[in-house]
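Shown next, in structure tokens, is the structure this report addresses.
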Amino acid sequence: GAVEAIFSILAMRDNVAPPTINLDNPSVETPIDLAANSAREKTIETVLSNSFGFGGTNASLVMSRARL
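Heads up, the working numbering is the position in the sequence shown plus 29, with the first residue counted as 1.
Structure representation (structure tokens):
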């Protein structure tokens with residue numbers, strides 16, 4: 030919900046990818062950086078925040094930096 034959206038915006042503002050906790054055995058064939066167990070500093074231009082609720086109430090927000 031709103032808290033996850035705020036954390037997503039803060040990650041984009043601070044250019045820090047939050048860690049994927051408890052990812053002990055990531056596939057070596059995965060072509061993306063999963064930030065396993067530790068945060069990573071990287072430029073973040075766009076974030077996705079998903080919310081899943083009871084009874085099928087679902088929402089997704091895609092947010093990106095303003096282009097000036």
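Backbone N, C-alpha and C define an ideal beta-carbon position, used for all residues, glycine too.
Neighbourhood of residue i by C-beta, 7 angstroms cutoff - its chain only, sequence neighbours within 5 removed
i     : result
GLU70 : ASN44, VAL45
SER93 : GLU74, THR75
Among the options, nearest to residue i - alpha-carbon criterion
i     : options                    : result
THR72 : PHE83, ARG42, ASN51        : ARG42
ASN51 : LEU63, ALA40, THR59        : LEU63
LEU39 : GLU74, THR59, ARG96, THR86 : GLU74
ASN54 : PRO48, ALA65, PRO60        : ALA65
Contact set for residue i: own chain, Cβ-Cβ below 6 angstroms, skip 5 residues either direction
i     : result
LEU77 : VAL91
SER89 : ASN79
ILE35 : none
Bridge partners - residue i, DSSP secondary structure assignment
i     : result
LEU77 : VAL91
VAL45 : GLU70
Residue burial classification, residue i (beta-carbon count within 10 angstroms, cutoff 16)
i     : result
SER56 : exposed
SER37 : buried
Inter-residue CB distance, residue i and residue j (contact presumed, cutoff 8 angstroms)
i     : j     : result
ALA31 : PRO47 : In fact, because the Cβ distance is near 17 angstroms, the residues do not count as touching under 8 angstroms.
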